[in-house]
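Step one of this worksheet: look at the structure below.
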Amino acid sequence: MRRASNSFHPKMKSSQIDDKKEIKSESPYSTIPAPRKKRATMFQIARLVYLLLVFVTGCTSIVSSQLIILLLFHNDIRRKNMLLRFTKQNFLVLLVYLTSKVSPTELILTFGDSPLLNNAVHTDPKTKRHTFNLDNHAIVIANHQIYSDWVFVWFIAYLNKCADQIFIVMKKSLEKLPVLGFGMRNYNFVFLSRNWARDRDYMVQSFRKVATVGQKCWLLIFPEGTNLSTTTYSKSSKYAEKVHMKPTQNVLLPRARGLYLACKNLGSTTRTLYDLTIGYSGHSSEKMAQDVYTLSSTYLFGHGPKSISIHIDAIDIQHDIPEVDFSGISTNIGVNEEEEEIERFGNWLNNRWYKKDQLMKQYYETGKFENPRGKEYRMQLKLATSFELLNVYLIPLLAYVFGVIIYKMVHYLLH
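Residue numbers (our numbering): -5 to 409.
Pasting the structure below:
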(Lines of atoms letter the chains of each structure in order from A and count residues from 1; the text may use other names and numbers.)
(Lines give C-alpha, C1' and ligand atoms only; values in the text may rest on other atoms or scores of the structure.)
Protein backbone atom coordinates (compact mmCIF):
# COMPACT_ATOMS: atom_id res chain seq x y z
CA MET A 1 0.00 0.00 0.00
CA ARG A 2 1.09 3.57 -0.59
CA ARG A 3 2.56 5.34 2.39
CA ALA A 4 2.91 8.98 3.33
CA SER A 5 6.64 8.64 3.84
CA ASN A 6 9.10 7.33 1.30
CA SER A 7 10.96 5.56 4.11
CA PHE A 8 8.23 2.97 4.20
CA HIS A 9 9.25 1.55 0.83
CA PRO A 10 11.46 -1.56 1.13
CA LYS A 11 14.94 -1.34 -0.33
CA MET A 12 15.78 -3.05 -3.54
CA LYS A 13 18.47 -5.69 -3.95
CA SER A 14 21.83 -4.57 -5.23
CA SER A 15 21.12 -6.25 -8.57
CA GLN A 16 18.28 -3.79 -9.09
CA ILE A 17 20.38 -0.72 -8.29
CA ASP A 18 22.70 1.11 -10.59
CA ASP A 19 25.31 2.82 -8.44
CA LYS A 20 26.84 4.70 -11.35
CA LYS A 21 23.85 6.04 -13.20
CA GLU A 22 20.66 7.57 -11.97
CA ILE A 23 17.57 6.24 -13.69
CA LYS A 24 15.43 9.06 -14.96
CA SER A 25 12.01 8.84 -16.49
CA GLU A 26 10.12 11.53 -18.28
CA SER A 27 6.43 11.17 -17.53
CA PRO A 28 4.42 10.06 -20.57
CA TYR A 29 1.50 11.89 -19.01
CA SER A 30 3.02 15.37 -18.87
CA THR A 31 1.31 16.81 -21.96
CA ILE A 32 -2.22 15.49 -21.61
CA PRO A 33 -4.71 18.10 -22.84
CA ALA A 34 -7.55 18.99 -20.50
CA PRO A 35 -10.77 17.18 -21.40
CA ARG A 36 -13.37 19.29 -23.18
CA LYS A 37 -16.45 20.10 -21.13
CA LYS A 38 -19.74 18.74 -22.37
CA ARG A 39 -23.28 19.86 -21.78
CA ALA A 40 -25.77 17.37 -20.47
CA THR A 41 -28.99 16.75 -22.41
CA MET A 42 -32.40 16.71 -20.73
CA PHE A 43 -32.42 12.91 -20.97
CA GLN A 44 -29.05 12.68 -19.25
CA ILE A 45 -30.17 15.04 -16.50
CA ALA A 46 -33.38 13.05 -15.99
CA ARG A 47 -31.37 9.83 -15.88
CA LEU A 48 -29.00 11.34 -13.33
CA VAL A 49 -31.94 12.39 -11.15
CA TYR A 50 -33.25 8.82 -11.28
CA LEU A 51 -29.83 7.40 -10.43
CA LEU A 52 -29.40 9.79 -7.51
CA LEU A 53 -32.88 8.92 -6.26
CA VAL A 54 -32.13 5.19 -6.34
CA PHE A 55 -28.65 5.68 -4.88
CA VAL A 56 -29.75 7.93 -2.01
CA THR A 57 -32.79 5.83 -1.11
CA GLY A 58 -30.74 2.65 -1.47
CA CYS A 59 -27.92 3.88 0.78
CA THR A 60 -30.42 5.21 3.31
CA SER A 61 -32.21 1.87 3.28
CA ILE A 62 -28.96 -0.06 3.78
CA VAL A 63 -27.85 2.11 6.71
CA SER A 64 -31.37 1.93 8.19
CA SER A 65 -31.16 -1.85 7.86
CA GLN A 66 -27.87 -1.83 9.76
CA LEU A 67 -29.34 0.30 12.56
CA ILE A 68 -32.29 -2.08 12.89
CA ILE A 69 -29.95 -5.09 12.94
CA LEU A 70 -27.66 -3.52 15.56
CA LEU A 71 -30.66 -2.64 17.71
CA LEU A 72 -32.49 -5.97 17.52
CA PHE A 73 -29.50 -8.33 17.52
CA HIS A 74 -27.03 -6.48 19.70
CA ASN A 75 -26.35 -9.55 21.85
CA ASP A 76 -26.80 -12.17 19.12
CA ILE A 77 -23.42 -12.02 17.38
CA ARG A 78 -24.12 -14.80 14.89
CA ARG A 79 -27.40 -13.35 13.56
CA LYS A 80 -26.07 -9.81 13.67
CA ASN A 81 -23.05 -10.68 11.52
CA MET A 82 -25.15 -12.75 9.12
CA LEU A 83 -27.59 -9.87 8.53
CA LEU A 84 -24.82 -7.28 8.25
CA ARG A 85 -23.26 -9.46 5.54
CA PHE A 86 -26.64 -9.34 3.79
CA THR A 87 -26.47 -5.53 3.76
CA LYS A 88 -22.87 -5.69 2.49
CA GLN A 89 -23.91 -7.66 -0.58
CA ASN A 90 -26.85 -5.29 -1.04
CA PHE A 91 -24.44 -2.36 -1.38
CA LEU A 92 -22.73 -4.09 -4.28
CA VAL A 93 -26.13 -4.98 -5.76
CA LEU A 94 -27.04 -1.28 -5.66
CA LEU A 95 -23.80 -0.18 -7.33
CA VAL A 96 -23.92 -2.85 -10.05
CA TYR A 97 -27.57 -2.06 -10.82
CA LEU A 98 -26.87 1.67 -11.22
CA THR A 99 -23.71 1.17 -13.29
CA SER A 100 -25.35 -1.38 -15.58
CA LYS A 101 -28.25 0.98 -16.28
CA VAL A 102 -26.28 4.11 -17.07
CA SER A 103 -23.04 2.72 -18.51
CA PRO A 104 -23.24 -0.95 -19.54
CA THR A 105 -19.85 -2.57 -19.76
CA GLU A 106 -18.43 -5.95 -20.65
CA LEU A 107 -15.85 -7.74 -18.54
CA ILE A 108 -13.23 -9.75 -20.44
CA LEU A 109 -11.35 -12.15 -18.20
CA THR A 110 -8.20 -14.14 -18.91
CA PHE A 111 -6.28 -16.38 -16.53
CA GLY A 112 -2.64 -17.19 -15.90
CA ASP A 113 -1.21 -20.69 -16.01
CA SER A 114 -1.05 -21.33 -12.26
CA PRO A 115 -2.53 -24.70 -11.20
CA LEU A 116 -4.54 -22.72 -8.64
CA LEU A 117 -6.59 -21.40 -11.57
CA ASN A 118 -7.55 -24.77 -13.03
CA ASN A 119 -11.34 -25.05 -13.40
CA ALA A 120 -11.70 -21.44 -12.24
CA VAL A 121 -14.78 -20.77 -14.37
CA HIS A 122 -18.10 -22.58 -14.53
CA THR A 123 -20.41 -21.90 -17.46
CA ASP A 124 -24.08 -22.78 -17.14
CA PRO A 125 -24.93 -24.95 -20.18
CA LYS A 126 -28.42 -23.42 -20.48
CA THR A 127 -27.98 -19.74 -19.69
CA LYS A 128 -24.29 -19.55 -20.74
CA ARG A 129 -23.76 -17.38 -17.66
CA HIS A 130 -20.29 -17.58 -16.13
CA THR A 131 -19.63 -18.03 -12.42
CA PHE A 132 -16.32 -18.62 -10.67
CA ASN A 133 -14.82 -21.48 -8.68
CA LEU A 134 -12.03 -19.41 -7.17
CA ASP A 135 -10.70 -19.85 -3.65
CA ASN A 136 -13.32 -18.47 -1.26
CA HIS A 137 -10.67 -17.51 1.30
CA ALA A 138 -8.08 -15.41 -0.50
CA ILE A 139 -6.18 -12.15 -0.62
CA VAL A 140 -6.74 -10.09 -3.78
CA ILE A 141 -4.47 -7.35 -5.15
CA ALA A 142 -4.78 -5.19 -8.27
CA ASN A 143 -3.43 -2.10 -9.97
CA HIS A 144 -5.46 1.02 -9.20
CA GLN A 145 -6.57 3.23 -12.11
CA ILE A 146 -9.98 4.75 -11.36
CA TYR A 147 -12.05 5.35 -8.25
CA SER A 148 -14.44 2.50 -9.03
CA ASP A 149 -11.83 -0.26 -9.56
CA TRP A 150 -12.98 -1.94 -6.37
CA VAL A 151 -16.55 -2.26 -7.66
CA PHE A 152 -15.42 -4.48 -10.54
CA VAL A 153 -13.27 -6.64 -8.26
CA TRP A 154 -16.21 -6.89 -5.87
CA PHE A 155 -18.37 -8.02 -8.79
CA ILE A 156 -15.94 -10.89 -9.39
CA ALA A 157 -16.45 -11.83 -5.73
CA TYR A 158 -20.20 -11.70 -6.43
CA LEU A 159 -19.77 -14.20 -9.26
CA ASN A 160 -17.68 -16.29 -6.86
CA LYS A 161 -20.50 -16.24 -4.27
CA CYS A 162 -18.50 -14.43 -1.62
CA ALA A 163 -19.58 -10.81 -2.17
CA ASP A 164 -20.98 -10.66 1.36
CA GLN A 165 -17.58 -11.56 2.81
CA ILE A 166 -15.24 -9.13 1.09
CA PHE A 167 -13.07 -6.78 3.15
CA ILE A 168 -11.51 -3.78 1.41
CA VAL A 169 -8.48 -1.79 2.57
CA MET A 170 -9.24 1.92 2.08
CA LYS A 171 -7.80 5.29 3.02
CA LYS A 172 -9.06 6.61 6.33
CA SER A 173 -10.73 9.73 4.92
CA LEU A 174 -13.44 7.54 3.37
CA GLU A 175 -14.46 6.45 6.86
CA LYS A 176 -15.76 9.98 7.47
CA LEU A 177 -18.12 10.09 4.48
CA PRO A 178 -21.69 10.91 5.58
CA VAL A 179 -23.91 7.80 5.74
CA LEU A 180 -21.51 5.70 3.63
CA GLY A 181 -18.75 5.85 6.23
CA PHE A 182 -21.03 4.40 8.90
CA GLY A 183 -22.12 1.65 6.53
CA MET A 184 -18.56 0.72 5.58
CA ARG A 185 -17.47 0.58 9.22
CA ASN A 186 -20.21 -1.99 9.79
CA TYR A 187 -18.72 -3.96 6.89
CA ASN A 188 -15.42 -4.11 8.83
CA PHE A 189 -13.51 -2.49 5.99
CA VAL A 190 -9.94 -1.57 6.96
CA PHE A 191 -9.24 2.18 6.98
CA LEU A 192 -5.61 3.32 6.94
CA SER A 193 -4.02 6.68 7.69
CA ARG A 194 -0.94 5.71 5.65
CA ASN A 195 1.27 6.08 8.69
CA TRP A 196 3.09 2.87 9.59
CA ALA A 197 3.43 3.72 13.29
CA ARG A 198 -0.32 4.33 13.63
CA ASP A 199 -1.52 1.66 11.22
CA ARG A 200 0.60 -1.39 12.02
CA ASP A 201 -1.11 -2.69 15.15
CA TYR A 202 -4.52 -1.77 13.77
CA MET A 203 -3.81 -3.74 10.60
CA VAL A 204 -2.62 -6.78 12.54
CA GLN A 205 -5.79 -6.71 14.64
CA SER A 206 -8.03 -6.22 11.59
CA PHE A 207 -6.38 -8.94 9.50
CA ARG A 208 -6.49 -11.44 12.36
CA LYS A 209 -10.20 -10.72 12.70
CA VAL A 210 -10.68 -11.26 8.97
CA ALA A 211 -8.86 -14.60 9.25
CA THR A 212 -11.54 -15.89 11.63
CA VAL A 213 -14.72 -14.91 9.75
CA GLY A 214 -15.29 -18.36 8.25
CA GLN A 215 -14.81 -20.28 5.02
CA LYS A 216 -15.63 -17.33 2.76
CA CYS A 217 -13.40 -14.29 2.88
CA TRP A 218 -11.75 -12.04 0.30
CA LEU A 219 -9.39 -9.30 1.44
CA LEU A 220 -8.87 -6.67 -1.28
CA ILE A 221 -5.74 -4.50 -1.22
CA PHE A 222 -4.45 -2.02 -3.80
CA PRO A 223 -0.69 -2.04 -3.09
CA GLU A 224 -0.20 1.22 -5.01
CA GLY A 225 -2.34 2.89 -2.34
CA THR A 226 -3.92 5.36 -4.73
CA ASN A 227 -5.11 5.51 -8.32
CA LEU A 228 -2.84 6.41 -11.22
CA SER A 229 -2.84 10.15 -11.92
CA THR A 230 -0.38 12.72 -13.22
CA THR A 231 0.51 13.72 -9.67
CA THR A 232 0.90 10.20 -8.27
CA TYR A 233 2.86 9.04 -11.31
CA SER A 234 5.27 11.94 -10.91
CA LYS A 235 5.79 11.10 -7.23
CA SER A 236 6.33 7.44 -8.04
CA SER A 237 8.89 8.26 -10.74
CA LYS A 238 10.77 10.69 -8.50
CA TYR A 239 10.93 8.09 -5.76
CA ALA A 240 12.25 5.49 -8.20
CA GLU A 241 14.95 7.95 -9.28
CA LYS A 242 15.83 8.74 -5.67
CA VAL A 243 16.43 5.11 -4.66
CA HIS A 244 17.87 4.09 -8.06
CA MET A 245 15.00 1.78 -8.90
CA LYS A 246 13.78 1.00 -12.36
CA PRO A 247 10.81 3.31 -13.05
CA THR A 248 7.46 2.03 -14.22
CA GLN A 249 5.51 3.47 -17.15
CA ASN A 250 1.92 2.27 -16.75
CA VAL A 251 1.52 1.55 -13.03
CA LEU A 252 2.69 3.04 -9.74
CA LEU A 253 5.35 1.44 -7.60
CA PRO A 254 3.67 -0.70 -4.92
CA ARG A 255 3.96 -0.42 -1.15
CA ALA A 256 4.66 -3.73 0.52
CA ARG A 257 4.00 -3.32 4.23
CA GLY A 258 0.23 -3.66 4.36
CA LEU A 259 0.18 -6.62 1.99
CA TYR A 260 3.00 -8.23 3.97
CA LEU A 261 0.96 -8.02 7.19
CA ALA A 262 -2.10 -9.38 5.39
CA CYS A 263 -0.20 -12.43 4.12
CA LYS A 264 1.48 -12.88 7.49
CA ASN A 265 -1.75 -12.91 9.48
CA LEU A 266 -3.97 -14.74 6.98
CA GLY A 267 -1.34 -17.32 6.09
CA SER A 268 -2.84 -19.88 8.45
CA THR A 269 -6.27 -19.73 6.77
CA THR A 270 -5.54 -19.11 3.09
CA ARG A 271 -2.92 -20.19 0.57
CA THR A 272 -4.05 -18.02 -2.34
CA LEU A 273 -3.08 -14.53 -3.45
CA TYR A 274 -4.95 -13.42 -6.59
CA ASP A 275 -3.10 -10.80 -8.62
CA LEU A 276 -5.45 -8.87 -10.93
CA THR A 277 -4.28 -6.58 -13.73
CA ILE A 278 -7.06 -4.27 -14.92
CA GLY A 279 -7.21 -2.43 -18.24
CA TYR A 280 -9.96 -0.10 -19.50
CA SER A 281 -10.84 0.20 -23.17
CA GLY A 282 -11.14 3.53 -24.92
CA HIS A 283 -7.90 5.23 -23.91
CA SER A 284 -4.22 4.91 -24.71
CA SER A 285 -1.15 4.85 -22.48
CA GLU A 286 -0.83 8.62 -22.98
CA LYS A 287 -4.09 9.23 -21.11
CA MET A 288 -5.06 8.54 -17.54
CA ALA A 289 -8.06 6.27 -17.12
CA GLN A 290 -9.18 8.41 -14.18
CA ASP A 291 -9.28 11.48 -16.46
CA VAL A 292 -11.22 9.67 -19.18
CA TYR A 293 -13.69 7.83 -16.96
CA THR A 294 -14.59 10.37 -14.31
CA LEU A 295 -17.67 9.93 -12.15
CA SER A 296 -19.48 12.62 -14.15
CA SER A 297 -18.59 11.16 -17.56
CA THR A 298 -19.71 7.71 -16.42
CA TYR A 299 -22.87 8.46 -14.45
CA LEU A 300 -24.04 11.71 -16.10
CA PHE A 301 -23.06 11.22 -19.73
CA GLY A 302 -23.01 7.42 -19.71
CA HIS A 303 -19.48 7.39 -21.13
CA GLY A 304 -17.95 4.61 -19.08
CA PRO A 305 -15.58 1.99 -20.46
CA LYS A 306 -17.21 -0.24 -23.06
CA SER A 307 -15.10 -3.15 -21.86
CA ILE A 308 -12.85 -3.91 -18.91
CA SER A 309 -10.11 -6.49 -19.37
CA ILE A 310 -8.96 -8.29 -16.24
CA HIS A 311 -6.08 -10.74 -16.19
CA ILE A 312 -6.04 -12.97 -13.11
CA ASP A 313 -2.94 -14.72 -11.86
CA ALA A 314 -2.64 -16.77 -8.68
CA ILE A 315 0.21 -17.14 -6.22
CA ASP A 316 0.57 -19.80 -3.55
CA ILE A 317 1.39 -17.65 -0.53
CA GLN A 318 3.27 -20.36 1.32
CA HIS A 319 5.33 -21.74 -1.58
CA ASP A 320 5.62 -19.13 -4.38
CA ILE A 321 7.03 -16.25 -2.32
CA PRO A 322 10.68 -17.01 -1.46
CA GLU A 323 12.51 -16.16 1.75
CA VAL A 324 9.40 -15.14 3.70
CA ASP A 325 7.48 -17.31 6.17
CA PHE A 326 3.75 -16.98 5.44
CA SER A 327 2.79 -20.29 7.06
CA GLY A 328 0.83 -18.45 9.73
CA ILE A 329 2.88 -20.07 12.47
CA SER A 330 5.46 -17.37 13.27
CA THR A 331 3.33 -14.20 13.30
CA ASN A 332 4.97 -12.69 16.39
CA ILE A 333 8.55 -11.92 15.39
CA GLY A 334 11.03 -9.25 16.39
CA VAL A 335 11.15 -5.81 14.80
CA ASN A 336 14.47 -6.42 13.03
CA GLU A 337 13.36 -9.78 11.66
CA GLU A 338 10.09 -8.23 10.48
CA GLU A 339 11.93 -5.43 8.67
CA GLU A 340 14.17 -7.98 6.94
CA GLU A 341 11.14 -9.99 5.82
CA ILE A 342 9.40 -6.84 4.58
CA GLU A 343 12.47 -5.95 2.52
CA ARG A 344 12.60 -9.41 0.93
CA PHE A 345 8.86 -9.38 0.33
CA GLY A 346 9.11 -5.87 -1.14
CA ASN A 347 11.68 -7.06 -3.67
CA TRP A 348 9.37 -9.88 -4.71
CA LEU A 349 6.37 -7.51 -4.98
CA ASN A 350 8.32 -4.97 -7.02
CA ASN A 351 9.24 -7.67 -9.52
CA ARG A 352 5.56 -8.64 -9.76
CA TRP A 353 4.74 -5.00 -10.48
CA TYR A 354 7.36 -4.72 -13.21
CA LYS A 355 5.64 -7.69 -14.87
CA LYS A 356 2.31 -5.94 -14.40
CA ASP A 357 3.78 -2.85 -16.04
CA GLN A 358 4.67 -4.98 -19.07
CA LEU A 359 1.17 -6.48 -19.09
CA MET A 360 -0.30 -2.99 -19.22
CA LYS A 361 2.09 -2.04 -22.03
CA GLN A 362 0.89 -5.08 -23.97
CA TYR A 363 -2.72 -4.12 -23.29
CA TYR A 364 -2.24 -0.59 -24.63
CA GLU A 365 -0.49 -1.93 -27.74
CA THR A 366 -2.83 -4.82 -28.57
CA GLY A 367 -6.05 -4.14 -26.65
CA LYS A 368 -5.77 -7.36 -24.65
CA PHE A 369 -3.67 -9.17 -22.09
CA GLU A 370 -1.56 -12.27 -22.56
CA ASN A 371 -3.64 -15.41 -22.53
CA PRO A 372 -1.56 -18.53 -21.78
CA ARG A 373 -4.68 -20.68 -21.51
CA GLY A 374 -5.94 -19.56 -24.91
CA LYS A 375 -9.45 -18.77 -23.71
CA GLU A 376 -11.19 -15.62 -22.57
CA TYR A 377 -14.48 -15.24 -20.75
CA ARG A 378 -16.87 -12.40 -21.52
CA MET A 379 -19.69 -11.30 -19.26
CA GLN A 380 -21.83 -8.22 -18.77
CA LEU A 381 -21.60 -6.22 -15.59
CA LYS A 382 -25.12 -6.89 -14.39
CA LEU A 383 -27.03 -8.71 -11.69
CA ALA A 384 -28.25 -12.27 -12.09
CA THR A 385 -31.75 -10.79 -11.82
CA SER A 386 -32.97 -7.21 -11.33
CA PHE A 387 -35.22 -8.45 -8.53
CA GLU A 388 -32.09 -8.56 -6.35
CA LEU A 389 -32.46 -4.80 -6.04
CA LEU A 390 -35.54 -5.40 -3.87
CA ASN A 391 -33.26 -6.91 -1.20
CA VAL A 392 -31.80 -3.44 -0.67
CA TYR A 393 -35.15 -2.22 0.67
CA LEU A 394 -36.33 -5.47 2.28
CA ILE A 395 -35.40 -4.97 5.95
CA PRO A 396 -36.81 -1.40 6.32
CA LEU A 397 -39.93 -2.50 4.44
CA LEU A 398 -40.45 -5.45 6.80
CA ALA A 399 -39.77 -3.21 9.81
CA TYR A 400 -42.38 -0.74 8.54
CA VAL A 401 -44.97 -3.48 7.98
CA PHE A 402 -44.42 -4.99 11.43
CA GLY A 403 -44.50 -1.52 12.96
CA VAL A 404 -47.88 -0.79 11.37
CA ILE A 405 -49.26 -4.15 12.50
CA ILE A 406 -48.08 -3.65 16.09
CA TYR A 407 -49.41 -0.09 16.13
CA LYS A 408 -52.84 -1.22 14.96
CA MET A 409 -52.91 -4.08 17.47
CA VAL A 410 -52.04 -1.74 20.35
CA HIS A 411 -54.54 0.82 19.12
CA TYR A 412 -57.24 -1.86 18.89
CA LEU A 413 -56.53 -3.20 22.41
CA LEU A 414 -56.58 0.27 23.95
CA HIS A 415 -59.81 1.30 22.27
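All C-beta atoms, glycine included, are put in the ideal place defined by N, C-alpha and C.
Owing to the predicted nature of the structure, the values given are computational and were not obtained by experimental measurement.
Asked                                                                                                                                                                  : Found
Quick test of your reading: residue 186 and residue 163, contact by CB under 8 Å. State the CB separation rounded to the nearest angstrom.                             : 6 Å
Report yes if the CB atom of residue 77 is closer than 8 Å to the CB atom of residue 371, and no otherwise.                                                            : no
I need the straight-line Cα distance from residue 125 to residue 360, nearest angstrom please.                                                                         : 27 Å
Roughly how many angstroms separate the alpha carbons of residue 80 and residue 332, rounded to a whole number?                                                        : 37 Å
Would residue 133 and residue 250 be called neighbours here (beta carbons separated by less than 8 Å)?                                                                 : no
Just checking my contact of residue 244 with residue 279 at CB under 8 Å: how many whole Å lie between their CB atoms?                                                 : 6 Å
So, using beta-carbon positions, are residue 180 and residue 60 closer together than 8 Å?                                                                              : yes
Between residue 98 and residue 374, which are expected to be in contact by the criterion C-beta below 8 Å, what is the C-beta distance as a whole number of angstroms? : 7 Å
Pairs of beta-carbons, one from the stretch 132 to 150 and one from the stretch 253 to 268, closer than 8 Å: are there three or more?                                  : yes
Could you check the C-alpha separation between residue 167 and residue 83 for me, to the nearest Å?                                                                    : 23 Å
What does the alpha-carbon distance come out to for the pair residue 70 and residue 63?                                                                                : 10 Å
On the DSSP letters alone, give me the boundaries of the beta strand (DSSP E) that residue 100 sits inside.                                                            : 100 to 105
In the structure shown, what three-state DSSP assignment does residue 304 receive?                                                                                     : strand
Looking at residue 287: is its Cβ nearer than 8 Å to the Cβ of residue 150?                                                                                            : no
Look at the alpha carbon of residue 316 and the alpha carbon of residue 170, and state the distance between them as a whole number of angstroms.                       : 39 Å
Could you check what DSSP says for residue 211 in three-state terms: helix, strand or coil?                                                                            : strand
Bridge partners for residue 310 per DSSP, in chain order?                                                                                                              : 266
Which same chain residues, not among the five before or five after residue 173, have their C-beta less than 6 Å away from its C-beta?                                  : 53 and 57
Alpha carbon to alpha carbon, how far is residue 275 from residue 362?                                                                                                 : 9 Å
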